[in-house]
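Below you'll find the structure, written out as structure tokens, and then a few comments.
2 protein chains.
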Amino acid sequence: MTTEYAQLLKAHALKATFQRTQILEVIERYGHIAIEKIYEEVSKVHASLSLATIYKNILLMVEKGVLTEVPIIGQKSKYEIAKEEHIHLICTSCGTVMDKMLDVDTAQDTEKVAETSGFSLDHRQLNLYGLCEACRG
Amino acid sequence: MTTEYAQLLKAHALKATFQRTQILEVIERYGHIAIEKIYEEVSKVHASLSLATIYKNILLMVEKGVLTEVPIIGQKSKYEIAKEEHIHLICTSCGTVMDKMLDVDTAQDTEKVAETSGFSLDHRQLNLYGLCEACRG
DNA sequence: TCCTTTACAAATAAAAATTATCGTAAGGAA
DNA sequence: TTCCTTACGATAATTTTTATTTGTAAAGGA
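In the order they appear, the protein sequences are chains H and U.
Counting in this note's numbering, the first sequence runs from 21 upward without gaps.
Counting in this note's numbering, the second sequence runs from 21 upward without gaps.
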């Protein structure tokens with residue numbers, strides 16, 4: 021069966037194995053998720069899965085541009101499906117990561133900072149830390 | 021002069037040991053530096069230093085607000101002396117990290133993003149990845 | 001000064017995270 | 001289906017990080 025994930029993998033010259041499509045399914049379901057949790061979740065539908073397989077595939081899919089690493093202060097990195105550039109709101113209480121659109125002004129401002137420094141900008145990583153609505157109490 | 025670091029430590033309720041002032045001296049000299057490299061450098065002036073001591077002290081100094089962790093895509097976290105909020109320009113070729121002033125507009129824009137999401141903003145992490153002037157060739 | 005208390009560093013030791021190896025199995029093109 | 005290539009699973013081996021224990025030194029009080 022050619023699922024949405026199988027196509028995504030093939031579009032990046034990767035074979036669409038069951039393990040990989042399951043990993044992608046879990047990542048999409050969570051939005052942002054750490055390695056250990058991916059292992060935990062995928063194991064539920066594929067008990068014989070090896071943790072090494074997760075590591076290998078995550079690394080590979082990051083290399084191929086299917087996934088993006090989201091390094092976070094004080095935590096292990098989380099991973100998300102690569103998508104249009106955006107901002108992260110990270111709750112320091114519950115750990116939730118939310119995506120927010122990157123507004124044009126901020127994009128332009130940062131481009132300008134890079135430019136005036138003789139720096140050729142490739143991509144941004146804009147993380148805002150604080151308390152989400154639920155955790156503010 | 022190491023008294024500068026001794027004062028910094030004391031201001032955060034930490035004792036000014038030789039090891040700690042040396043760690044701080046190395047971090048300031050490099051600007052941004054990973055654990056392993058700190059160990060390598062401090063070992064030069066203090067051969068019997070244990071790597072566990074580095075970890076313990078880095079963790080402690082981050083907790084106390086003397087240091088800031090800078091997590092970077094595809095690398096181990098680097099550490100810097102805590103200072104006024106700023107942007108990082110990270111060269112994906114040579115790995116150099118440069119500090120840039122955070123302009124008022126960007127600061128306000130991000131505050132607004134947080135606000136309209138019901139998010140109480142605590143601190144930002146704005147990293148720009150690309151090629152530094154030297155690496156553009 | 002001497003004693004007591006506390007904190008620290010060093011040295012392990014232990015645990016956790018990540019990467020490598022290799023025989024077998026599965027994907028995909030023809 | 002057949003064949004070639006690549007991925008998986010099962011370790012094993014490393015690396016990274018954290019915890020524990022012990023000896024020493026510094027700090028403060030009598």
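Using N, Cα and C, we set each Cβ at its ideal position, and we do this for glycine too.
Quantities reported herein were computed from a predicted structural model and do not represent experimental measurements.
Asked                                                                                                                                                                : Found
Nearest to M121 of chain H by CA position, among U:M118, U:D129, U:V117, is which residue?                                                                           : U:D129
Any contact of the stretch 136–153 of chain H with the stretch 145–157 of chain U, i.e. 3+ C-beta pairs under 8 Å?                                                   : yes
Would you decide whether M21 of chain H is buried or exposed? Buried here means 16 or more other CB atoms lie within 10 Å of its CB.                                 : Residue placement at M21 of chain H cannot be trusted, given a pLDDT of 44 that sits under 50; what the coordinates show is reported in the next sentence. Burial call: exposed.
What is the DSSP secondary structure of D142 of chain H, counted as helix, strand or coil?                                                                           : strand
Could you pull out every residue in the same chain whose Cβ sits closer than 8 Å to the Cβ of A54 of chain U, ignoring the five residues on either side in sequence? : Q95, K96, S97, K98, Y99
Run through chain U and tell me which residues come within less than 7 Å of H143 of chain H, C-beta to C-beta.                                                       : Y149
Secondary structure at V86 of chain H, three-state DSSP: helix, strand or coil?                                                                                      : coil
At a Cβ threshold of 8 Å, is C152 of chain H touching chain U?                                                                                                       : yes
D123 of chain U CB to nearest chain H CB: under 8 Å?                                                                                                                 : yes
Determine, using beta carbons only, whether G85 of chain U comes closer than 8 Å to chain H.                                                                         : no
Once DSSP output is grouped into helix, strand and coil, what is the label at T22 of chain U?                                                                        : Note that T22 of chain U scores 49 on pLDDT, short of 50, meaning its location in the model is unreliable; the coordinates nonetheless yield the value given after this. Residue state, collapsed to three classes: coil.
Could you check whether I107 of chain H and V133 of chain U sit closer than 8 Å to each other, using their CB atoms as the reference points?                         : yes
Based on the DSSP output, what are the partners of G150 of chain H in its beta bridges?                                                                              : H:C111, U:L141
Quick check on the DSSP output: the alpha helix (DSSP H) that includes E104 of chain U runs from which residue to which?                                             : Segment: none, E104 of chain U is in no alpha helix (DSSP H) and carries neither H nor E.
Check for me: the beta strand (DSSP E) holding D119 of chain H runs from which residue to which?                                                                     : 117–121
Any Cβ of chain U within less than 8 Å of the Cβ of I107 of chain H?                                                                                                 : yes
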